[in-house]
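S.K.:
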Amino acid sequence: MVDEKKIALFENFKTINTIDSERYDRYDVKRGLRNADGTGVVAGLTNISNVHGYVVSDNEKIADEGSLRYRGYDIYDLLGSEDFTHRFNYEEVSYLLLMGELPTQDQLDRFISVLDSERELPDGFTASMIMRDTPPDIMNVLARSILLLYAYDAQAEERSAHHEIHTAISLISRLPRVMVLTYFAKRARYSNESMIMHRFIPGQSTAETILSMLRPDRQFTPEEARMLDIMLCLHAEHGGGNNSTFTARVLSSADTDPYSAYAGAIGSLKGWRHGGANHQVLAMQQEIKEHVADWSDEGQVADYLAKIVNKEAFDRSGLVYGMGHAVYTKSDPRAVICKRYAEKLAVGTECEAEFNLLKTIERLAPEVILREKGTSKDMCANVDMYSGFVYSMLGVPEDLYTPLFACARMSGWAAHRFEEIVSGRRIIRPAYKSTRSGKRTYVPIEER
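Using this note's numbering, the first residue of the sequence shown is number 7, and each one after it goes up by one.
1. Which residues in the same chain have their Cβ closer than 7 Å to the Cβ of residue 389, if we skip the five residues on either side of it in sequence?
2. Closest to residue 352 by C-alpha separation, out of 230, 257 and 173, would be which residue?
3. Are there any heavy atoms of the ligand COA lying less than 7 Å away from the beta-carbon of residue 371, as far as the coordinates show?
4. What residues in its chain sit with their C-beta under 7 Å from that of residue 176, if we drop five residues either side in the sequence?
5. Can you name the start and end residues of the beta strand (DSSP E) that residue 63 belongs to?
6. Determine the burial state of residue 428: buried for a count of at least 16 other Cβ atoms within 10 Å of its Cβ, exposed for fewer.
7. To the nearest angstrom, report how far apart residue 114 and residue 236 are at their CA atoms.
8. Within its chain, find whatever has a CB closer than 7 Å to the CB of residue 222; leave out the 5 residues flanking it on each side and keep chain order.
9. Which residue marks the beginning of the alpha helix (DSSP H) containing residue 258, and which one marks its end?
10. Is residue 392 helix, strand or coil when you go by DSSP?
11. Hey, quick one: how far does the beta strand (DSSP E) through residue 177 stretch, first residue to last?
12. Report the CB separation of residue 104 from residue 416 in whole angstroms; it is logged as a contact under 8 Å.
13. How many Å lie between residue 76 and residue 40 at the Cα?
14. Quick check on residue 366: buried or exposed, where buried means 16 or more other Cβ atoms within 10 Å of its Cβ?
15. Let's test the definition: count the other Cβ atoms within 10 Å of the Cβ of residue 263 and tell me whether it reaches 16, buried, or not, exposed.
16. Helix, strand or coil, according to DSSP, for residue 74 in the structure here?
17. With distances taken Cα to Cα, identify the nearest neighbour of residue 74 among 277, 333, 403 and 254.
18. With residue 433 as the anchor, note down where its alpha helix (DSSP H) starts and where it stops.
19. Would you mind reading off the limits of the alpha helix (DSSP H) that contains residue 375?
20. Under DSSP, the alpha helix (DSSP H) around residue 245 begins and ends at which residues?
21. What separation, rounded to the nearest whole angstrom, lies between the Cα atoms of residue 146 and residue 258?
22. Check whether the stretch 309-318 touches the stretch 41-55, counting contact only when three or more Cβ pairs, one atom from each stretch, lie closer than 8 Å.
23. Going by C-alpha distance, which of 220, 214 and 84 is nearest residue 232?
24. Taking residue 413 as the reference, which of 167, 242 and 79 has the closest Cα?
25. DSSP state of residue 79, grouped into three classes?
26. Should the stretch 378-387 be called in touch with the stretch 164-172, which here means at least 3 C-beta pairs below 8 Å?
27. With a cut-off of 8 Å, do at least 3 Cβ pairs link the stretch 297-314 to the stretch 428-437?
28. Identify every residue that forms a DSSP beta bridge with residue 343.
29. Alpha carbons only, please: which of 398, 397, 373 and 395 is nearest the one belonging to residue 386?
30. For residue 59, collect the residues of the same chain with a Cβ closer than 6 Å to its Cβ; drop the 5 residues on either side in sequence, then sort them by chain order.
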């Protein structure tokens with residue numbers, strides 16, 4: 007219930023904070039740091055990754071097949087064989103992002119050993135930080151856990167390469183444990199369920215550690231661990247312009263400590279327009295499943311998509327969540343890979359019908375949007391179209407979808423922080439144009 011005495015403090019909230027949209031055009035403001043054609047404003051340089059989805063020729067944006075490269079290596083090549091018994095890749099990808107080169111076997115073994123040695127949390131951390139006053143959103147616990155770990159670091163304000171790398175590796179190792187422990191703490195507090203606190207098993211990969219700690223019986227198949235490993239790789243990095251990575255770079259440019267920079271990035275990733283968008287995708291897909299009687303009937307699926315596009319169904323936004331991306335036009339390589347592996351797990355199981363429904367949504371959505379809105383914008387499925395489906399097949403609860411994203415992206419955030427503090431060396435400070443003209447006359451309080 008709102009305190010009546012406080013209403014006057016916010017009753018004009020929208021009026022006070024509204025700026026006429028026409029002024030953005032008048033002053034050529036790049037809203038969202040994007041140009042009029044949707045391309046991003048160039049705000050920096052990076053050697054870490056390249057996100058490609060279109061080409062610009064004669065000042066015209068032309069759709070192109072999407073590609074994603076980590077340190078110059080194509081994501082398709084990095085993930086290698088589609089054999090589910092293939093070795094895990096996330097640790098190798100993390101090494102590549104942090105160190106700039108692919109590791110030798112000896113370098114990779116030593117890197118994994120260091121990750122393994124950093125998984126332990128400070129004494130009493132779980133009880134005092136994770137289990138106490140657990141909030142309903144796990145992302146908030148990840149952010150505050152990182153901030154509190156600052157207090158356990160005697161060199162927290164050091165900016166040396168040694169300290170930066172050690173801090174990054176420590177958080178890459180620890181965040182998955184914090185995530186799973188927080189999930190069970192949340193269940194215990196809000197659902198009156200048991201608090202499961204499995205120890206991590208030395209020698210397990212990051213994906214194996216997550217599944218081993220998450221499942222009550224600690225059991226999982228090689229195929230499941232490999233699928234989760236693939237998801238971690240796909241989310242590890244996505245260029246310097248995505249909101250959370252840019253947040254990490256902005257904070258780093260101010261010369262703040264690494265813990266503050268990474269906690270800020272997590273706050274960004276939580277947003278529903280960024281990492282949290284997967285919840286909207288899942289909710290929309292669930293509504294379609296509930297309202298379409300025959301998932302194999304393309305006419306029924308198209309009719310319901312038309313209702314969504316015409317703001318008659320789901321959240322009335324007119325958006326088909328899981329479709330479209332700020333950069334990718336013809337294809338999102340993350341979605342392509344996610345879809346490929348998801349199909350291998352789904353075929354022949356009770357999940358196959360749902361997988362086929364998602365493929366139908368992906369194929370029909372552009373046609374329906376064109377028919378209903380006359381919009382022929384190049385549009386492809388993004389990674390969120392299939393990521394929730396993959397996690398559900400792995401038995402990963404929805405509460406962990408975005409936190410898993412954060413655990414994976416720690417490697418990318420760290421790489422960009424390193425680059426910013428070495429090469430940026432100038433605080434990021436864009437300009438904002440004031441729309442208020444003239445000076446207002448001050449009126450004494452007794453005359454107002």
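From the three backbone atoms N, C-alpha and C, an ideal C-beta is built for every residue, glycine too.
Just so you know, these numbers come straight off a predicted model, no measurement behind them.
M.R.: Considering the structure as presented:
1. 240, 338, 340, 341 and 344
2. 230
3. As far as ligands go, the structure on display features none, and thus does not contain the ligand COA.
4. Its chain contains 124 as the residues whose beta carbon lies nearer than 7 Å to that of residue 176, once the 5 sequence neighbours on both sides are disregarded; these appear in chain order.
5. 55-63
6. Here residue 428 is exposed: its Cβ has fewer than 16 other Cβ atoms, across all protein chains shown, within 10 Å.
7. 18 Å
8. 202
9. It spans 249-259 - the alpha helix (DSSP H) in which residue 258 sits, taken as one unbroken run.
10. helix
11. Per DSSP, residue 177 belongs to no beta strand (DSSP E); it is in the alpha helix (DSSP H), 167-197.
12. Contact doesn't hold; Cβ gap of about 10 Å is too wide.
13. The straight-line gap from Cα to Cα measures roughly 23 Å.
14. buried
15. buried
16. strand
17. 333
18. First-last for residue 433: undefined, no H or E at that position.
19. 358-379
20. For residue 245, there is no enclosing alpha helix (DSSP H), as DSSP marks it with neither H nor E.
21. If you take the alpha carbons of residue 146 and residue 258, they lie about 20 Å apart.
22. No: fewer than three Cβ pairs fall under 8 Å.
23. Among 220, 214 and 84, the Cα nearest to that of residue 232 belongs to 214.
24. 242
25. strand
26. no
27. no
28. For residue 343, which the question treats as bridged, DSSP gives no partner whatsoever.
29. 373
30. 72, 333, 334 and 335
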